[in-house]
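Participant:
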Amino acid sequence: MLLISGFYIALTALLLLALAYMVVRLRLKHKIGLLDGGEKTIAVAMRAQANALETALPVLLLLMVAELNGAYAAFLHVCGIGFLLSRVLHAWGFNQAAGGMHFGRYYGTLLTWIVLLALIVRVLWLSVGGMLGG
């Protein structure tokens, strides 16, 4: 069973739902049904949502594979919490700076990359070790 990764997948889905709600709310406010209609606040909210989704797929897949291959629960929780924190920081910073530079965007991106790299290394380690019989 994928209890730990399932937990973080569900929390990430809630975050994605919140980001989607922000886009819909702005579209209703500006009466724009498709794309951003040239409204920068909508474009920024759309990119924050899309960026979260783009990073969620590889991170959550790697989290699942790591769990299936026996990674320690503490490692999985650190990665899951780190990823959620990174995406909240990034979305907040991205929206606050209207797509410009902001410490939340910078550190959110950095933390996402650290989590992604940690998961890549751990999954490769577990996979190669398993293939070599160790």
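Anchor point for the sequence shown: position 49 equals 49 in the UniProt record's numbering, and the numbering is continuous, going up by one each time.
For every residue, glycine included, the Cβ atom is placed at its ideal position computed from N, Cα and C.
Residue ranges of each alpha helix (DSSP H) run of no fewer than 4 residues wholly in the stretch 47-127, ordered along the chain?
Facilitator: 73-96
Participant: Which of the three DSSP states is assigned to Met1 in this structure?
Facilitator: coil
Participant: Take the Cβ of Met103 as the centre, count every other Cβ of all protein chains shown within 10 Å, and call the residue buried at 16 or more, exposed below.
Facilitator: With the sequence shown as reference, residue 103 is identified as Phe, and Met is not the correct amino acid for it. With fewer than 16 other Cβ atoms within 10 Å, it is exposed.
Participant: Check whether the stretch 52-59 and the stretch 69-76 are in contact - that is, three or more C-beta pairs closer than 8 Å.
Facilitator: No: the two stretches stay apart, fewer than three of their Cβ pairs being nearer than 8 Å.
Participant: I'd like to know whether the C-beta atoms of Leu111 and Gly82 end up nearer to each other than 7 Å.
Facilitator: yes
Participant: What separation, rounded to the nearest whole angstrom, lies between the Cα atoms of Val65 and Leu117?
Facilitator: 14 Å
Participant: Helix or strand or just coil, what does DSSP make of Leu19?
Facilitator: helix
Participant: Output needed for Leu19: all residues of its chain with C-beta closer than 8 Å, excluding positions within five of it in sequence on either side, in chain order.
Facilitator: Result list for Leu19: Ala45, Ala48, Gln49, Ala52, Ala91, in chain order.
Participant: If you reduce the DSSP assignment to three classes, tell me which class Ile42 lands in.
Facilitator: helix
Participant: Does any residue of chain B have a CB that is nearer than 7 Å to the CB of Ala20?
Facilitator: Absent here is chain B; the protein component of the structure consists of one chain.
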